[in-house]
Amino acid sequence: MRRSCHTTALALVLLVALASSDISASPALCAATALRATSALPAAATKQQRAETVIALCAHASGAGPALCWLALPSQVRQQRELTSALLRVCRDALDTIPAECFVQWRKLAAFAPRAVVRATAADAAEVCSEFRGSLDALSTCAQQSPTSLGPALRFRMCRHATSADKVQWALSCAKQLVAIHGVSAETVARACALADASASPQECVIAAGRQLRWMDEGSKAHLCERAGSSEPVRCALALRRFSTTSRAAGAAGLEQEPIDVAQICRGTRNAALTAACVATVPTKSFTLPQLVRLCSGAASPSAEVVEAPLPASRCVEAAKKLLNVFANSDIDTHAAALIFQLCDGTTSSGPTDCMQALRYDQTLSTTQRVQLCSRAQSSSPQDSYLKLRYLIHTKKLSMDGALALCAQAQSLAPALCATELARVASTAFVELYAATLCGQAASSAPVQCFRRAPSSFSDPAKAALCRLADSDAPGDCARVTTTRIPNAMQKAELCHRAQSTAPAACAMAAPFGMQPALVVALCRSASSESPAQCARTIAVSSQISWETLAELCADAVSTTPAHCLLHRVRQQRGAVTRSLVLECRAVVPVPASLEIAQVSYRCRQLVPKCRLSVQLRVHDQFGVEMQSWTGGYLRVSVTPTEGTAPEAGDRVLHGPTHAPIINGSAAFTDIFFIEPGEFVVTFGPAAAPTLLSITEKVARIRIHEDAQERLRSRRCRALFAQLECGADRTEQPGPSANDTVGEVFHLFELPSRHYLDVLGCEGFWLEHSGGMRVLGATSTRFVLAIHHASYRFLTNARVPSAGMSAWACLGLDEGANRSQIRHAYHRKSLEWHPDKWSGASTRSLQGRAAQVYARVTLAYNELLQDAVTTTAAASRAGRATSVTMQETVLSILRGVRNGAYYGSKVRAPHAFVMIFLFQNGTVRQKLRGVVRLTFEHSKNLALFVGTYKSVLALLRHTQELREGPATALVGKPAAHWHAAVAGGVGGYLVWGKYSSVNYQIVMYLFSRVLISAVKVLAARGYKPFVDHKFNKVYPALATVVWAAVMWLYENERQTLHPSLSKSMDFLYDETCRWANGLADFVPSPLSAAVWLLMWMEF
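616 is the number of the first residue of the sequence shown in my numbering; add one for each residue after it.
Structure representation (structure tokens):
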């Protein structure tokens, strides 16, 4: 029986659908959705009643929204027959489930109300919920917290505009304040507080109206105070009341004493005096109430001030009366009042009356026609346009009414010029019927150009619809494209209306088959590409997704993202498609979310070390769709060996570019290669860029096979290397080469000439794996090979500190050496193994290994010093080192003063000598005195600073030892990490705090070094973004910024630069703009010439 009932109902609904709509089966879809649940309809209803309910619900549905709304209602609510009409009112025009959820909220609010009250207020709740589009949470909060004295219906009606938490608070504050006041009805509270917000607080208005407007009924008071921000509407009503009474007492025509009239005029006014002044000036008896409201209700703006001059509306009325020959004190007849209202309605300036004045003596226009032309004129454009069209009127190519319709509210002469050009190319009938439509709001003659390009098969109405508001001839070109999907000319005109290219036509041809022409037009009429059609084709039409939904979803789409979003949400939620879901997916923006390896290629038979590899990746959005239009940002690649794969320490596993730009949704890493065999985990991820942080890293495992040929070559070359004969004490300097530094020492080896072919095959291997050894020359019997002495030391491990050595052996010391010997040995080893000493052309490849050795030497030095400090501390605790510690402290301070004075003189003297003798004038004695003065100041300040620094450290050390016992740090070194900062700050304030040219130069030098060191510290500790960039890669950008800044300062703010820097830059950039000495200004100096000549000679 139930299935029979459903079948009957569905058949009836289908009949109604076919009778009322010929483009869609949406009513049938709605009915099928409504019958899905067994309790969708009242259980006690007959088959006929159920069919009628479904017909009433879905007859005019544009989708499954009404059925989804119906199904969202609780079954116990649907079973109540007395609520059926209210429920149908709620869901009949629903697009989603929000109206049903709104009605459920009202039902919860009225749960304890009598059934009679529920039945009586259900219709009001249905009316509120059918139009509700706000926040359900805000509605529920507002309705539950509002005063209970209002009753469920009024509470619900008051809260229907509460779309956010702020509006809820404003409405509740208004209601609670008004409920506490005696005499304010619940209806007034609900109506007045419904629209309360930050700009409208009606409490003051309602309170003032209750006290001062006793002659006004409650409904009028509520209407008066809606959207009121103060008590100005009440003052306005009182002023109009007094004006009406005075007018009647004087025998004049006053305002009618209807409270609703006064409330409608004064509603929302921000300035009562201005509104009352407008009513007093305008003859109220001559105008109807709606006309009076239109003229005076908007007279006072929030920023308006009370002035004695008439308002624009009243001023316009007075001027219009004179222009229409109406005497000042005489009554205005109905016809004149209608003309005056038409002229002055909505005016904000004197434009309409100025236009009427300009056409006052034009005998070809009647008064009604002049009013029609000048209504709402903002400038002289309407009358100028009309005068421009007089020739067309006289030649009867355009009627008077057509010209007036065309020129009314014209903002320029463009409509008239457009109509004039249209008259040259179109028939008189077309110009008469469609000139106003085509050219009325034209900004140029583009509509006429479009008309010329329109297909000849188009009818006149279709051409007018196509080219209205056109700004180019693109709509005509669009309409010329053959579009078999849209045979109707009017629909094709709607498709191409305001098109900027032929994209709408191309989109229509690419739209899914089966979509009705009207929906194709809705889908593609604003398309700039075929993206809307591609978006619609992405979704396979099913019982849940209709053509209407597709058209709404994909209109204006620039990609297929909305379609993929909808499919993703439907699969994820396993629910029906609602309008809210469609709107959500229309607004979705694709975001890079994942990476996919698209292609891997390499140039060898299998992946072996040094085999060039190319990897192409594609960027996908959050729905797994390739983002082909995405450009910007970089991807990075990193490699981690798996367990069991241990590449040589310090070597990079992967060589080649580690960053690749993203262009058109893809990034390519080319010419990358591994240098070791094994299994590796390769990770591709985003580089440091805010737009790519949402991308998930792509991880892949790769196996690099061992190269058998390379293994054989290595074995053969290493065996040949073992046969080298080293001559005793034979060291030479090889001949000049572009890759060698002059003066570097090489060790020589010999090999019999019978290994000629083997030497040629192994030279490249030795150059790479044997410290850069290469063939130097050959005799008839032997080959001579050369290797740099540094590489020779690494190959033979001759006196090279290694991890297996003890700290004493790393420094080349015997056990038991004192601290002075340790320091001297460390100084000697540092000079030998510091990486900067290995930056030559022949040793640059060994710089990394030298850095490792230098790190081992430094570690050994720190270890030995720590042992020495521990020994000294133990002796101190034993009572044997107290006097020695004091003595060493004093000696440390004295030695620091001596070294400071020495280093200051050593550094400053040559610098001052050069700068003074180059850039200062005076005798030789004066220049030498300047050199001595600057050198003495630098030497003195540096000596004082070192002495102050050491003294403060000693004082802090002594204080700490009194509190905590002997310190373990060396004498003269900080006992705690913060001691250095305190001592440096005290010394800096006392010594360097006094401004001078020397002090300023030193402080700025240290400031730049401190900034660079701070960046390196942050990078070493893993802080972003410093850890992502190496200093040698950032240095070019730093140099660019520094030089750009200093040159800008020199050219624009020269006074802010240091005098010495300014003098140097004057010599370089200012004096080079003058050459008064002729050729002598261009001859190189002897010193420069000598330096360049020596470098050319490779001295």
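Note that the Cβ used here is the ideal one computed from N, Cα and C, for glycine as well.
With contacts defined by Cβ atoms closer than 9 Å, CYS757 and CYS717 do not form a contacting pair.
Beta-bridge analysis with DSSP links SER846 to no other residue. If you compare the alpha carbons of ARG1184, VAL1203, ARG1186 with that of SER1174, the shortest gap goes to VAL1203. Residue burial annotation: ARG1218 is exposed, with fewer than 16 other C-beta atoms found within 10 angstroms of its C-beta. Within its own chain, the residues whose Cβ lies closer than 8 Å to the Cβ of LEU1004, once the five positions on either side in sequence are excluded, are LEU1013, ALA1018, LEU1021, CYS1022, ALA1031, ALA1034, THR1035, listed in chain order.
Residue burial annotation: GLY1248 is buried, with at least 16 other C-beta atoms found within 10 angstroms of its C-beta.
By the neighbour-count definition (other C-beta atoms within 10 Å, threshold 16), ILE1277 is a buried residue. Between the C-alpha atoms of ILE955 and TYR976 there is a straight-line separation of about 18 Å.
Beta bridge pairing from DSSP links LYS1313 with PHE1299. The alpha helix (DSSP H) runs lying completely inside the stretch 705-764 and spanning 4 residues or more are 713-724, 730-745, 751-760, given in chain order. Short of 6 Å from the beta carbon of ALA1120, and not among the five residues preceding or following it, lie these beta carbons of its own chain, in chain order: CYS1093, VAL1096, THR1098.
Taking C-beta atoms as the reference points, ARG1100 and PRO1132 count as a pair closer than 9 Å.
In the structure shown, VAL692 adopts helical secondary structure according to DSSP, grouped into three states.
Note on TYR1610: under 16 other CB atoms within 10 angstroms of its CB, so exposed under the neighbour-count rule. Using a Cβ distance threshold of 9 Å, LEU855 and ALA891 count as a contacting pair. Distances from the CA of GLN1436 to each of ALA1057, TRP1423, SER1623, ASP1451 were compared; the closest alpha carbon is that of TRP1423.
Secondary-structure assignment with DSSP links ILE1212 through a beta bridge to LEU1232. Linking ASP781 to CYS684 through their CA atoms gives a straight-line distance of about 28 Å. If only uninterrupted alpha helix (DSSP H) runs of at least 4 residues are considered, those enclosed by the stretch 1120-1186 are 1132-1139, 1146-1153, 1162-1169.
In the structure shown, the three-state DSSP call for GLY1392 is strand.
For ARG772, there is no enclosing beta strand (DSSP E); the enclosing alpha helix (DSSP H) has its first and last residue at 766-774. Using a 10 angstroms sphere on the CB of SER1628, the tally of other CB atoms stays under 16, which defines it as exposed. Taking a 10 Å sphere around the C-beta of ALA1654, we find fewer than 16 other C-beta atoms and assign the residue as exposed. In the DSSP assignment, ARG1251 falls within the beta strand (DSSP E) that extends over 1249-1256.
One thing to note: THR968 has its Cβ within 9 Å of the Cβ of ALA934. Between the alpha carbons of GLU1478 and GLN1467 lies a gap of roughly 16 Å. Under the three-state reduction of DSSP, ARG829 is assigned to coil, being neither helix nor strand.
Nearest to ALA725 by alpha-carbon distance, out of LEU1028, VAL692, ALA992, SER1042, is VAL692. ALA1283 has GLN1231 as its beta-bridge partners, per DSSP.
Nearest C-alpha to PRO848 among VAL1625, VAL732, PRO817, ARG882: ARG882.
Per DSSP, the beta-bridge partners of LEU1269 are PHE1289. Here the stretch 737-754 makes no contact with the stretch 785-803; the two share fewer than three CB pairs at distances below 8 Å. Bounds of the alpha helix (DSSP H) holding ALA887 are 887-896. Taken atom to atom, the span from the alpha-carbon of ALA1470 to that of THR1504 is near 29 Å. For ASP1286, the number of other beta carbons within 10 angstroms of its own is below 16, and it is reported as exposed. Secondary structure at ILE1277: coil, using DSSP grouped into helix, strand and coil.
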